[in-house]
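*Asks:*
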Amino acid sequence: MAVNGLAQVVADEVDTSTPETVSIIFPDPTTADDENLVSRLTAIVNAVYFDAEKGIFTPEYQRTSDREVKAFIQSRKLAVAYLCPSNEPIGCVFIKKLTPERGEFGMLAVDPAHHGSGFGRLLVSFAEEYCRSEGCTVMQLELLVPTHCTNASKEKMQAWYKRLGYEYVKLGDFNRDYPDLAPLLAGPAEYRVFDKPLA
Ligand SMILES: CC(C)(COP(=O)(O)OP(=O)(O)OC[C@H]1O[C@@H](n2cnc3c(N)ncnc32)[C@H](O)[C@@H]1OP(=O)(O)O)[C@@H](O)C(=O)NCCC(=O)NCCS
């Protein structure tokens, strides 16, 4: 609408939305008894990994379970992203120290409703910052890439990790790290290990 030749701002066209923010923490170990939290995180992880790892595993594949998520919360190895101010859990990342110098993260997942908001990057930064504060000088991650088919999601992840500063260093041993999941592989896959200096 124009008044006196000037564009007039129409109230219902004004975008009043504010960017979403998250708070990332290791929930208190007693939170592991919160069945709603545990099942919500399990559901997020399994849903996003089912999509991201389509074709890599047989259909019965589930990335995690309530039991595993509960154990990770109890041992303070699972950082959770809570949406502010609602406190709704919308993502998580598993973090552990492999050695005093080497940290590792995995099971990185964000609810698809919030993809592209920068929360994945924040979860990675949280994992790196935590390991740095614990004295680690290197951060490690692994990426399972099928060699019998192309997987767009894994290609995208690999490019993203590169942008975050991770470099491919070697092939890992998936059977050793995931003895329960290895039999569910649908075909050959490379288990690639990536490093990033934290100093
Ligand atoms: C990986 C994952 C956690 C990222 O979550 P996210 O909230 O989308 O993360 P971000 O918003 O920080 O985006 C990550 C990158 O993807 C890009 N991206 C996100 N959504 C996108 C979209 N719809 N189109 C194009 N690029 C997109 C972003 O630009 C960003 O790159 P940048 O940091 O260089 O800008 C999420 O995609 C996920 O849950 N994936 C499934 C599980 C998985 O693959 N885990 C890792 C296994 S190794």
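Residue numbers 1 to 199, in UniProt numbering, belong to the letters of the sequence shown in order. Glycine is no exception: its CB is placed at the ideal position from the N, C-alpha and C atoms.
Which full runs of the alpha helix (DSSP H) of 4+ residues lie inside the segment 96 to 168, going along the chain?
*Replies:* Fully enclosed alpha helix (DSSP H) runs of 4 or longer: 119 to 133 and 152 to 163.
*Asks:* Assuming the contact rule is C-beta atoms closer than 8 Å, ASN151 and ILE56 should be a hit. Round their C-beta distance to whole Å, please.
*Replies:* Numbered from its first residue, the sequence shown carries residue 151 at position 151. Numbered from its first residue, the sequence shown carries residue 56 at position 56. Yes, they are in contact, since the Cβ atoms of ASN151 and ILE56 sit about 6 Å apart, within 8 Å.
*Asks:* For MET139, verify whether its CB is less than 8 Å away from any heavy atom of ligand 1.
*Replies:* As a first step, residue 139 is located in the sequence shown; it is residue number 139 there, counting from the start. Because no heavy atom of ligand 1 lies under 8 Å away, the Cβ of MET139 does not count as near it: no.
*Asks:* Which one of ASP51, GLU88 and VAL38 has the shortest CA to CA distance from GLU68?
*Replies:* Within the sequence shown, the letter at position 68 stands for residue 68. Nearest of ASP51, GLU88 and VAL38 to GLU68, Cα basis: VAL38.
*Asks:* Which residues in the same chain have their Cβ closer than 7 Å to the Cβ of GLY165, if we skip the five residues on either side of it in sequence?
*Replies:* On the sequence shown, residue 165 is found 165 positions in, with the first residue counted as 1. Only LYS196 meet the Cβ criterion.
*Asks:* Given a threshold of 16 other Cβ atoms within 10 Å of its Cβ, counted over all protein chains shown, does ILE90 qualify as buried or as exposed?
*Replies:* The sequence position of residue 90 within the sequence shown is 90, counting from 1. Flag for ILE90 reads buried.
*Asks:* By the 10 Å Cβ neighbour count, where 16 or more other Cβ atoms means buried, how is PRO188 classified, buried or exposed?
*Replies:* Numbered from 1 along the sequence shown, position 188 holds the residue referred to as residue 188. By the neighbour-count rule (16 or more Cβ atoms within 10 Å), PRO188 is not buried but exposed.
*Asks:* ALA79: which of SER117, VAL124, LYS54 and ALA43 sits nearest, CA to CA?
*Replies:* The sequence position of residue 79 within the sequence shown is 79, counting from 1. The shortest Cα separation from ALA79 among SER117, VAL124, LYS54 and ALA43 belongs to VAL124.
*Asks:* For the alpha helix (DSSP H) holding TYR191, just list the boundary residues, first then last.
*Replies:* By 1-based counting over the sequence shown, the position of residue 191 is 191. No alpha helix (DSSP H) contains TYR191, which is instead part of the beta strand (DSSP E) from 189 to 197.
*Asks:* Would you kindly check if the distance between the Cβ of LEU181 and the Cβ of TYR61 is under 9 Å?
*Replies:* The residue given as residue 61 occupies position 61 in the sequence shown. The residue given as residue 181 occupies position 181 in the sequence shown. The answer is yes: Cβ separation under 9 Å.
*Asks:* Could you check if PHE119 belongs to the surroundings of ligand 1, using beta carbon to heavy atom distance under 8 Å?
*Replies:* Within the sequence shown, residue 119 is the residue found at index 119, counting from 1. For ligand 1, at least one heavy atom lies less than 8 Å from the Cβ of PHE119.
*Asks:* Grouping DSSP H, G and I as helix and E and B as strand, with all else coil, what is ALA71?
*Replies:* On the sequence shown, residue 71 is found 71 positions in, with the first residue counted as 1. Note: ALA71 maps to helix in three-state DSSP.
*Asks:* Relative to the C-alpha of LYS172, which candidate in ALA127, GLU142, ILE95 and PRO146 has its C-alpha closest?
*Replies:* The sequence position of residue 172 within the sequence shown is 172, counting from 1. With the sequence shown as reference, residue 172 is identified as Gly, and Lys is not the correct amino acid for it. The shortest Cα separation from GLY172 among ALA127, GLU142, ILE95 and PRO146 belongs to GLU142.
*Asks:* Whole angstroms is fine: what's the gap from ARG102's alpha carbon to THR137's?
*Replies:* Counted from its first residue, the sequence shown places residue 102 at position 102. Counted from its first residue, the sequence shown places residue 137 at position 137. If I take the Cα positions, the gap works out to 6 Å.
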